[in-house]
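In the working numbering, the protein residues as written are 1 to 238. Virtual Cβ for every residue (Gly too), placed ideally from N, Cα, C.
Printed below as a string of structure tokens:
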């Protein structure tokens, strides 16, 4: 299960995007939020720090926490460069997120996968490709490998639902970080088939490794987004 401050941050983010909170008014104070969410002020402070990192809010000394005026400039398709909650959580406020399993097998890793996942050649991995859809519209084509010993019992049903939910809520693993490389590519045959794009359309690739709280690599993936349905938001709060 996700840490409580993450759950609170997601709910407040949903309210900001739906404009339940007015952009020219401070958010409810920490005492009010702590009472509403039955949590401590420390947990609320952690949630606010998460929203600051995502570029949605800022604080004024002695006045409270405010929504950034430019928060609506974050496209509904864009992902935070620091986000590692998975598509189901990231896009849930926009509608229905579904997954189609294109490929699923158990095999041994190649050299690149061994290095990225910090495993030996004889450590079996899950290899799966999923088409992620939002309200039935193709959003991304994700090619993922995971060590079998970290995610025992992974099935097609989990792939069609939420892998991160299974990892966190059923297996009790805590996801704490990611390393990402973003680049533009020409679409592959699979991209053209599943993302409904032309040979001349660029795709945005996010190559990433997701880590557990102790630094163990959980996932190595290549996620492809149509040029008109994806972006990475990098916020500089300095």
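For residue 206 and residue 227, believed in contact at Cβ under 8 Å, the rounded distance:
About 13 Å separates the two Cβ atoms, so there is no contact after all.
Residues of its chain near residue 119, where Cβ-Cβ distance is below 7 Å and the 5 sequence neighbours each way are ignored
109 and 147
Please report how far the alpha carbon of residue 78 lies from the alpha carbon of residue 139, in whole angstroms.
With a pLDDT of 49 at residue 78, under the threshold of 50, the modelled position of that residue is not reliable, and the figure given next carries that caveat. Distance between the alpha carbons of residue 78 and residue 139: 11 Å.
Could you name each continuous beta strand (DSSP E) segment of 3 residues or more that falls completely within the stretch 158-234, going from the start of the chain to the end?
175-185, 203-212 and 217-226
As a quick exercise: from 212, 150, 223 and 159, pick the residue whose alpha carbon is nearest that of residue 184.
223
Rounded to the nearest angstrom, how far is the Cβ of residue 210 from that of residue 178, given a contact under 8 Å?
5 Å
Hey, how far is the Cα of residue 17 from the Cα of residue 68?
11 Å
Given 8 Å as the limit, is there contact between the stretch 23-35 and the stretch 51-65, that is, 3 or more CB pairs closer than that?
yes
Given a cut-off of 8 Å on the beta-carbon distance, is the pair residue 149 and residue 123 in contact?
yes
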